[in-house]
Ligand SMILES: *Cc1c(COP(=O)(O)O)cnc(C)c1O
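Residue numbers (the working numbering): 1338 to 1574.
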C-alpha cells in the first residue's frame, strides 16, 4: 500500500470510530508520527493532505525540518525531553506533548522566541505503565497544571498519555477514561486537548474523547530496524 492509501484507510477508521461514538470527526486531528522515517515519506503524506507531523528525537526532527523547509507543516514534539534540547524544541516546534516536569516547562517558556506564538503544551501523564519513567502521576496533575498555566510563553492545552499496551478494547479504554475524568475535575475550560491513541488503540482513544491521535505504524509501516542515533537516547533520570 502507498502512504496515500494508508492515510485513506486511517481516515476512514477515524470516521467510523466517530460515527460509532457519535462524535464529529472534525474534532479528531490525525497527527502523523514520522520518527525514524525519511523526509520523503513525510513529503508523500503531505502531498496526500496531512499537515501535522510528530517527531520524538530532536536532532532527527531538525534535519527533516530543514529538508522540508518549503512545506507548511505544523511540527509536534512527542518524545522524551532532555534539558539540553529544550532550546531547539522551543524554537522549532508548535506543540510539545511530552512535558512532565516544571523544570522542562520553565525552560521551554524562557526559550520560546518572542516572535512566535506561545508554545502549545500537553502534560504527559503516566496512567498505567509502571515500567515507564515518563509522565507525571495523576496525583501530580493539578499542581503541574497550575504551574505550567502560569508560564508566559506557553499555552497549556491538555494532556497526553501512552498507556501500557493492552489487547482488549475495554481494557484500553480504562486509563483514558480515568485521565479524562481527572481533567474534567480540574475545571479548566482552556484545556481542549486529549492527545490519546496510537495505531493499536485508536478506537478506544477516540471513544474516550481523544482530540489528537498519534499514528505512526499504520501510516508509515513498522520501525523494526531503528536504533536511535548517538545522542538521541534519553539520559537516565
Ligand atoms: C512512536 C509513537 C507513536 C506512534 O505509535 P504507532 O504505534 O506506530 O502508531 C505515538 N506516540 C508516541 C509518543 C510515540 O513515541
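Even for Gly, the Cβ is constructed at its ideal location relative to N, Cα and C.
Which of helix, strand or coil DSSP assigns to residue i
| i | result |
| --- | --- |
| residue 1492 | strand |
| residue 1467 | coil |
| residue 1481 | helix |
| residue 1543 | helix |
| residue 1532 | strand |
| residue 1356 | helix |
| residue 1343 | helix |
| residue 1348 | helix |
| residue 1370 | strand |
| residue 1365 | coil |
| residue 1551 | strand |
Member of the options whose CA lies at the smallest distance from the CA of residue i
| i | options | result |
| --- | --- | --- |
| residue 1511 | 1464, 1468, 1439 | 1464 |
| residue 1375 | 1422, 1404, 1424, 1355 | 1404 |
| residue 1420 | 1507, 1432, 1356, 1395 | 1395 |
| residue 1402 | 1385, 1430, 1387 | 1430 |
| residue 1436 | 1472, 1406, 1380 | 1472 |
| residue 1539 | 1456, 1399, 1509, 1451 | 1509 |
| residue 1373 | 1469, 1490, 1390 | 1390 |
| residue 1453 | 1439, 1477, 1442, 1428 | 1428 |
Per DSSP, cross-strand counterpart(s) of residue i
| i | result |
| --- | --- |
| residue 1379 | Beta-bridge pairing links residue 1379 to no other residue. |
| residue 1497 | 1461, 1532 |
Inter-residue CB distance, residue i and residue j (contact presumed, cutoff 8 angstroms)
| i | j | result |
| --- | --- | --- |
| residue 1415 | residue 1392 | 7 angstroms |
| residue 1460 | residue 1496 | 5 angstroms |
| residue 1536 | residue 1553 | 6 angstroms |
| residue 1382 | residue 1347 | Their Cβ separation, rounded to whole angstroms, is 11 angstroms, which puts residue 1382 and residue 1347 out of contact at 8 angstroms. |
Next item on the list: Only counting runs of 4 or more residues, tell me where the alpha helix (DSSP H) segments fall wholly within the segment 1391 to 1478, in order along the chain.
Entry: Every alpha helix (DSSP H) stretch that sits fully inside the segment 1391 to 1478 and reaches 4 residues is listed by chain position as 1395 to 1404, 1423 to 1429, 1439 to 1448.
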